[in-house]
Ligand SMILES: C[S@@+](CC[C@H](N)C(=O)[O-])C[C@H]1O[C@@H](n2cnc3c(N)ncnc32)[C@H](O)[C@@H]1O
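Residue numbers (this note's numbering): 471 to 700.
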């Protein structure tokens, strides 16, 4: 357990004397804060490979390395998440929030803002290559938080979170958590005449470590953390 604090550390919340990390959240910042507290010793992440404008880091420690294929801010370095300018096993933690929709459309608010894939195969390839790249740059037992959302493609459900968990395990990651962020406000396409599938109002934060689970709980004697591992 790291004892020194730095500018990347999360400050303890006075309002949370007895903190309980949950599987379902409505507030993204609280979710990230809790995941970093439980799985990253309260430290911020080293790398955000798809930084965009860093919306969800507001009020949280900024990542040390900020990359994006199309940077929108001067402090973000241009890089592809499948080929990061980082040495092998050089970072401890990654928070990955890639594009999650297919069928780019000029009329879609989501695709204009975050970019999208032209088809499902493109999404799968990018996710697989990214997982492989993260395995390369992460230290052994390093942390990967993968944000994703299921989708309907060609009128069929694609359970992205199942795909990511399965692929990550093939790459050599261990899945610790599948945490859900739910929301009440939903963007509805004006082009949909008749609803075919339930509108998705949740996304996933999948928490992995490179290799086997850490001995964190045993090391620091934290029985709550130990319970969460079993
Ligand atoms: C969902 S957004 C990230 C939003 C960000 N987490 C935030 O809080 O503002 C996805 C970002 O991934 C970037 N992106 C898409 N493909 C990429 C790639 N191959 N490598 C790196 N970044 C990529 C897009 O430019 C976009 O900024």
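Note that CB positions come from ideal geometry on N, CA and C, so glycine has one too.
Would you say the beta carbon of residue i is closer than 8 Å to some non-hydrogen atom of ligand 1?
| i | result |
| --- | --- |
| residue 515 | no |
| residue 630 | no |
| residue 518 | yes |
| residue 568 | yes |
| residue 638 | no |
| residue 537 | yes |
| residue 618 | no |
| residue 525 | yes |
| residue 542 | yes |
| residue 597 | no |
| residue 497 | no |
Check whether the Cβ atoms of residue i and residue j sit closer than 9 Å, and answer yes or no.
| i | j | result |
| --- | --- | --- |
| residue 585 | residue 540 | yes |
| residue 518 | residue 533 | yes |
| residue 502 | residue 675 | yes |
| residue 564 | residue 614 | yes |
| residue 648 | residue 639 | no |
| residue 609 | residue 551 | no |
| residue 568 | residue 535 | no |
| residue 631 | residue 589 | no |
| residue 611 | residue 680 | yes |
| residue 673 | residue 570 | yes |
| residue 537 | residue 546 | yes |
| residue 557 | residue 607 | yes |
| residue 526 | residue 492 | no |
Could you tell me the alpha carbon to alpha carbon distance between residue i and residue j, rounded to whole angstroms?
| i | j | result |
| --- | --- | --- |
| residue 643 | residue 654 | 32 Å |
| residue 666 | residue 555 | 43 Å |
| residue 682 | residue 670 | 32 Å |
| residue 512 | residue 506 | 5 Å |
| residue 699 | residue 510 | For residue 699, the predicted structure reports a pLDDT of 38, less than 50, and the residue's modelled location is therefore unreliable. A value from the coordinates is still provided. Their backbone Cα atoms lie some 14 Å apart in a straight line. |
| residue 625 | residue 657 | 18 Å |
| residue 495 | residue 548 | 32 Å |
| residue 617 | residue 520 | 11 Å |
| residue 637 | residue 553 | 18 Å |
| residue 595 | residue 627 | 18 Å |
| residue 490 | residue 652 | 18 Å |
Let me make sure I understand the geometry here. Which of the options has the alpha-carbon closest to that of residue i?
| i | options | result |
| --- | --- | --- |
| residue 488 | 504, 497, 494 | 504 |
| residue 619 | 566, 603, 557 | 566 |
| residue 678 | 496, 526, 562, 523 | 562 |
| residue 605 | 560, 590, 595, 588 | 560 |
| residue 572 | 593, 526, 558, 553 | 593 |
| residue 497 | 515, 529, 616 | 529 |
| residue 668 | 621, 641, 661, 635 | 621 |
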